[in-house]
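Notes for the one structure printed next.
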Amino acid sequence: MKPKPVCKTFSPLLHRAALLLLLSLAGPALAAPQFPAAGRVGLQPPPGMIVSGDFAGFEDRREVASIVIAEMPSAAYASLDTGLTTQALATKGIVASGRTNSPVAGAKSFLIHGTQTVRELTFNKWLLVVGNDELTALVTVQVRRDSVNYSPAAIEAALRTIAFKPASTLEQQIAALPFRVTDRAGFRAALVLAGALLMLTEGPKDIIDIGPEQPVVAVGSGLDRPPSTPLRDAFARNGLMTMTSIREAEIDHARSRTGDWHEIEAHALDKKTGEAVRVLQIIHFLPQGWIRTVGVWRVAEPDRWSDRVRKLAASVESK
């Protein structure tokens with residue numbers, strides 16, 4: 308006798324039951340990576356961290372934990388590969404404990420583990436460098452060493468979710484900055500760096516690393532609690548003297564302007580070409596942080612930039 312076929316009436320119920328069983332065995336769906344500051348590199352942060360409104364990355368302010376994503380040209384990978392040595396990291400106060408492979412689909416990458424002590428707090432640090440043919444990203448994670456919410460396993464699980472997406476337009480990147488420039492004073496936006504710094508210029512070249520060939524204006528903001536009024540001059544001077552694009556800087560004038568504004572005029576040498584340049588730095592101190600505008604141009608040119616840099620700086624608003 309042939310076995311009786313299963314009644315077709317029950318087939319949909321069986322299929323539904325099988326589907327529910329498979330879903331229950333599969334566990335919860337994986338969350339999609341998040342891409343802060345309209346960037347091209349994102350990840351799924353560990354529970355507790357949210358997208359920062361002040362830099363490209365994620366943070367948990369109460370836990371003093373952060374993930375910062377810095378995007379760079381693809382050629383930067385080779386420099387980071389050879390430059391992030393134990394000795395180089397030590398100059399930044401980071402004690403590297405090891406370097407491992409951290410496979411990322413469709414990209415090359417490596418991961419450095421270490422610790423850093425800042426103001427009597429010791430942090431676990433991770434530096435993930437990941438790159439493809441279009442860009443390189445340096446992902447820096449900082450978590451208190453005694454944190455119970457962010458274990459090394461949780462951080463490294465988050466880093467394994469690194470993902471790339473197609474480029475945002477320049478205006479989309481500008482819209483994601485933690486500040487807005489309401490008057491660019493005739494300068495042309497050229498580049499957004501690390502979701503936190505807007506670079507502008509005037510002239511045909513789009514590449515910012517052009518020395519003083521074209522004027523360059525940089526606008527960025529800081530999360531630091533602003534220094535008290537007596538310390539603001541020293542804060543501003545230190546900011547100018549530590550600029551990495553110039554050398555042998557000498558301050559000509561430093562003055563506090565109306566309210567919470569501070570301005571410095573200086574002359575220096577372009578670090579790359581050695582050509583003499585003028586520097587104008589304007590800092591607007593806010594209740595929670597500060598906004599810094601810096602213009603650099605050739606000394607040999609007539610000064611047609613100062614007033615425009617001041618006009619641009621006066622138009623910058625924190626979001």
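Per this note's numbering, the sequence shown runs over residues 308 to 626. C-beta: ideal position from N, C-alpha, C; glycine also.
> Is the region 568 to 578 in contact with the region 589 to 607, if contact means three or more CB pairs nearer than 8 Å?
Replying inline: By the Cβ test, the region 568 to 578 is in contact with the region 589 to 607, since at least three Cβ pairs between them sit closer than 8 Å.
> In angstroms, rounded to a whole number, what distance separates the CA positions of L504 and S458?
Replying inline: Reading the sequence shown from its first residue, position 197 is the one you call residue 504. Reading the sequence shown from its first residue, position 151 is the one you call residue 458. The straight-line gap from Cα to Cα measures roughly 31 Å.
>> Please state the DSSP three-state secondary structure of M548.
In response: Along the sequence shown, one-based indexing puts residue 548 at 241. In the structure shown, M548 sits in a helix (DSSP, three-state: H, G or I).
>> Just to confirm my understanding: we take L387, look at its own chain, exclude 5 residues before and 5 after, and list those with CB closer than 6 Å. What are they?
In response: Looking up residue 387 in the sequence shown gives position 80. V436, listed in sequence order.
> Hey, T468 and L350: beta-carbon distance below 8 Å or not?
Replying inline: As a first step, residue 468 is located in the sequence shown; it is residue number 161 there, counting from the start. As a first step, residue 350 is located in the sequence shown; it is residue number 43 there, counting from the start. Their beta carbons are under 8 Å apart, which means T468 touches L350 by this criterion.
> For the region 450 to 465 against the region 362 to 382, are there 3 or more C-beta pairs whose distance is under 8 Å?
Replying inline: By the Cβ test, the region 450 to 465 is in contact with the region 362 to 382, since at least three Cβ pairs between them sit closer than 8 Å.
> Taking the alpha carbon of T393 as the point to measure from, which residue in G421, A383 and V411 has its own alpha carbon closest?
Replying inline: Reading the sequence shown from its first residue, position 86 is the one you call residue 393. Nearest of G421, A383 and V411 to T393, Cα basis: G421.
> Near S475, what residues of its chain come up, given a Cβ to Cβ distance below 6 Å and the 5 sequence neighbours on each side ignored?
Replying inline: Translated into the one-based positions of the sequence shown, residue 475 becomes position 168. Cβ neighbours of S475 beyond the five flanking positions: A345.
>> Would A525 and A556 be called neighbours here (beta carbons separated by less than 8 Å)?
In response: Working through the sequence shown from its first residue, we reach residue 525 at position 218. Working through the sequence shown from its first residue, we reach residue 556 at position 249. Result no, Cβ atoms of A525 and A556 do not sit closer than 8 Å.
> On the three-state DSSP scale, how would you describe S404?
Replying inline: Position 97 of the sequence shown holds residue 404. The answer is strand: DSSP assigns S404 an E or B state.
> For T565, does the count of other Cβ atoms within 10 angstroms reach 16, so buried, or fall short, so exposed?
Replying inline: Working through the sequence shown from its first residue, we reach residue 565 at position 258. Its Cβ having fewer than 16 others within 10 Å, T565 is exposed.
>> Taking 8 Å as the threshold (C-beta atoms), are V616 and P519 in contact?
In response: On the sequence shown, position 212 is the one that residue 519 refers to. On the sequence shown, position 309 is the one that residue 616 refers to. Contact flag unset, no.
> Taking the alpha carbon of W433 as the point to measure from, which residue in P340, A573, L396 and G527 has its own alpha carbon closest?
Replying inline: Against the sequence shown, residue 433 aligns to sequence position 126. Comparing alpha-carbon positions, the option among P340, A573, L396 and G527 lying closest to W433 turns out to be L396.
> When the Cβ atoms of the region 348 to 363 are set against those of the region 404 to 415, are three or more pairs found closer than 8 Å?
Replying inline: Taking 8 Å as the limit for Cβ pairs, the verdict is that the region 404 to 415 does not touch the region 348 to 363.
>> Tell me the DSSP secondary structure of F542 in three-state form.
In response: Position 235 of the sequence shown, counted from the start, is the residue given in the question as residue 542. In this structure, F542 counts as helix in the three-state DSSP scheme.
> By how many angstroms is the C-alpha of D453 removed from the C-alpha of A496?
Replying inline: Mapped onto the sequence shown, residue 496 falls at position 189. Mapped onto the sequence shown, residue 453 falls at position 146. The alpha-carbon of A496 is positioned some 43 Å away from that of D453.
> Would you say G400 and T429 are within 8 Å of each other, going by their C-beta atoms?
Replying inline: Stepping through the sequence shown from its first residue, residue 400 is reached at position 93. Stepping through the sequence shown from its first residue, residue 429 is reached at position 122. No, the pair does not count as a contact, with Cβ atoms beyond the cut-off.
> Could you give the C-beta distance for G438 and L530, rounded to a whole number, given that I count them as a contact under 8 Å?
Replying inline: Here residue 438 is taken as the residue at index 131 of the sequence shown, counted from 1. Here residue 530 is taken as the residue at index 223 of the sequence shown, counted from 1. Cβ-Cβ separation between G438 and L530: approximately 27 Å, too far for a contact (criterion under 8 Å).
> Exposed or buried, which one is S528 when buried takes at least 16 other CB atoms within 10 Å?
Replying inline: Taking the sequence shown and counting its residues from 1, one reaches residue 528 at position 221. Under this definition S528 is a buried residue.
>> So F486 and V623 are supposed to be a Cβ contact under 8 Å. How far apart are they, rounded?
In response: Taking the first residue of the sequence shown as 1, we reach residue 486 at position 179. Taking the first residue of the sequence shown as 1, we reach residue 623 at position 316. At roughly 6 Å, the Cβ-Cβ gap stays under 8 Å, so F486 and V623 are in contact.
>> Suppose the cutoff is 8 Å on Cβ atoms and the five residues either side in sequence are ignored; what does the same chain contact list for K578 look like?
In response: The residue given as residue 578 occupies position 271 in the sequence shown. Same-chain partners within the cutoff: T551, S552, I553 and R554.
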